[in-house]
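Below is one structure, written out as structure tokens, with a few remarks after it.
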Amino acid sequence: MPPLNAGSLSCVSGHVVPLITVMNMRLHPYGSVWSSGGTRLLHVCHTDVPREHTDTDNSALIAIIFYTIFQIIFFEDRNFQGRSHENSNDCSELNSYLSRCNSIRVENGNWMIYERPNYTGQQYFVKRGEYPDCQHWSGLSDSIRSCRLIPQHRGSFRIRIYEREDFRGQMMEFTEDCPHVNEEFNYHDIHSCNVLEGHWIFFEQPNYRGRQFYLKSGEYRRFTDWGAMNARVGSFRRISDLY
């Protein structure tokens, strides 16, 4: 295997974040790859190591490169059985890989999974962990047809919600989770909102229950902009899980 330069890595098989750590160690001169919890360790052999830098056991200078692959695995049957499909990035159409989905394993990353293709229909948030059946992601059926990787956000969070469409009426700004919109905002409905920082999820019912709607930074002039059929929002929370 030819030497790789420090910097960013690209990978045909999936989404790879920029290089995190590079260090030199003396190991046996054979390339190897292993992964644990979504973090992959790649041993890259340097073939042009001078003789004075090699040992009697023929070990050589190896670059150890750590990088992260975001991965979600869908299974057709419960308890991670049946045919499976691994995904490392956004996918607008899962039909060609699986006819149904009854369990999910998230190796790394935060994801939204969708009941229909092209990121439509019921949506559900899943993070690193195991989901042996659809009830564990609050699903109502075995239909998962698309998925989206949520970028990690390490800064502050800010969202403004409005009583009426087009950012009119009463406004409140939040920087923390809100389990009861009616108690904080004095309204059951949110007709428009502006996500200033971070990623958020609206829930149709209080205490983070019911239908979910993913919101990234941007303006939402009416509830249809975040995919809802009405303006009812019972609670909302930040997507602050780090990976």
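Once you know that position 68 of the sequence shown is 68 in UniProt numbering, the rest is easy, because the numbers rise by one and skip nothing. Note that the Cβ used here is the ideal one computed from N, Cα and C, for glycine as well.
Q: Please look up how many angstroms separate the CB atoms of residue 85 and residue 153, rounded, as I've assumed it's under 8 Å.
A: Along the sequence shown, read from residue 1 onward, the residue named residue 85 stands at position 85. Along the sequence shown, read from residue 1 onward, the residue named residue 153 stands at position 153. 27 Å between Cβ atoms; not a contact.
Q: Rounded to whole angstroms, what's the CA-CA distance from residue 132 to residue 168? Just pull it up for me.
A: Stepping through the sequence shown from its first residue, residue 132 is reached at position 132. Stepping through the sequence shown from its first residue, residue 168 is reached at position 168. The alpha-carbon separation between residue 132 and residue 168 amounts to approximately 44 Å.
(Q) Assuming contact is defined by CB atoms lying nearer than 8 Å, are residue 73 and residue 150 in contact in what I supplied? (A) Mapped onto the sequence shown, residue 73 falls at position 73. Mapped onto the sequence shown, residue 150 falls at position 150. One thing to note: residue 73 has its Cβ no nearer than 8 Å to the Cβ of residue 150.
Q) Looking at the unbroken alpha helix (DSSP H) that takes in residue 182, where does it start and where does it end? A) Position 182 of the sequence shown, counted from the first residue, corresponds to residue 182. Under the DSSP assignment, residue 182 falls in the alpha helix (DSSP H) whose first and last residues are 181-185.
Q | Whether residue 157 touches residue 219 by CB criterion (8 Å) | A | Here residue 157 is taken as the residue at index 157 of the sequence shown, counted from 1. Here residue 219 is taken as the residue at index 219 of the sequence shown, counted from 1. 8 Å or more divides the Cβ of residue 157 from the Cβ of residue 219.
Q: Decide if residue 191 is buried, meaning its Cβ has at least 16 other Cβ atoms within 10 Å, or exposed.
A: Counting from 1 along the sequence shown, the entry for residue 191 is found at position 191. Per the 10 Å Cβ criterion, buried.
Q: Evaluate residue 99 with the Cβ neighbour count: other Cβ atoms within 10 Å of its Cβ, from every protein chain shown; 16 or more gives buried, anything less gives exposed.
A: For the purposes of this step, residue 99 is taken as residue 99 along the sequence shown, with counting starting at 1. Exposed, because fewer than 16 other Cβ atoms sit within 10 Å of the Cβ of residue 99.
Q) Could you give the distance in angstroms between the alpha-carbon of residue 120 and the alpha-carbon of residue 182? A) Working through the sequence shown from its first residue, we reach residue 120 at position 120. Working through the sequence shown from its first residue, we reach residue 182 at position 182. Distance between the alpha carbons of residue 120 and residue 182: 27 Å.
Q) Taking the continuous beta strand (DSSP E) assigned at residue 77, which residues delimit it? A) Counting from 1 along the sequence shown, the entry for residue 77 is found at position 77. 71-77 is the extent of the beta strand (DSSP E) around residue 77.
Q. What three-state label does DSSP hand residue 140 in the structure shown?
A. Taking the sequence shown and counting its residues from 1, the one referred to as residue 140 is at position 140. DSSP places residue 140 in coil when its eight states are reduced to three.
Q. Where in the stretch 80-124 do unbroken runs of the beta strand (DSSP E), each at least 3 residues long, occur, reported from the N-terminal end onward?
A. Counting whole runs of 3 or more residues, the stretch 80-124 contains the beta strand (DSSP E) stretches 81-87, 103-108 and 110-116.
**Q.** Whole-angstrom C-beta distance between residue 221 and residue 165, which should lie under 8 Å
**A.** For the purposes of this step, residue 165 is taken as residue 165 along the sequence shown, with counting starting at 1. For the purposes of this step, residue 221 is taken as residue 221 along the sequence shown, with counting starting at 1. Sure, about 6 Å apart at Cβ, within 8 Å.
Q) With 16 other CB atoms within 10 Å as the buried threshold, where does residue 176 fall? A) Taking the first residue of the sequence shown as position 1, residue 176 is located at position 176. Under this definition residue 176 is an exposed residue.
Q) What number of angstroms, rounded off, separates the C-alpha of residue 171 from the C-alpha of residue 235? A) Translated into the one-based positions of the sequence shown, residue 171 becomes position 171. Translated into the one-based positions of the sequence shown, residue 235 becomes position 235. Cα to Cα, the separation comes out at about 16 Å.
Q: Along the beta strand (DSSP E) that carries residue 200, what are the first and last residues, could you check?
A: Within the sequence shown, the letter at position 200 stands for residue 200. Where residue 200 is concerned, the enclosing beta strand (DSSP E) stretches over 200-205.
Q: Within its chain, find whatever has a CB closer than 6 Å to the CB of residue 77; leave out the 5 residues flanking it on each side and keep chain order.
A: Stepping through the sequence shown from its first residue, residue 77 is reached at position 77. So the qualifying residues of the chain are 102.
(Q) On the criterion of 16 or more Cβ atoms from any shown chain inside 10 Å, does residue 173 qualify as buried, or is it exposed? (A) As a first step, residue 173 must be located in the sequence shown, where it is residue number 173. Label assigned to residue 173: exposed.
Q) Looking at the structure shown, is residue 51 part of a helix, part of a strand, or coil, going by DSSP? A) Working through the sequence shown from its first residue, we reach residue 51 at position 51. With a pLDDT of 43 at residue 51, under the threshold of 50, the modelled position of that residue is not reliable, and no figure is offered here.
Q) Comparing alpha-carbon positions, which option in 116, 112 and 148 lies nearest residue 137? A) Working through the sequence shown from its first residue, we reach residue 137 at position 137. Residue 112 is the option with its Cα nearest to residue 137.
Q | Opening and closing residue of the beta strand (DSSP E) in which residue 220 lies | A | As a first step, residue 220 is located in the sequence shown; it is residue number 220 there, counting from the start. Counting along the chain, the beta strand (DSSP E) containing residue 220 begins and ends at 218-220.
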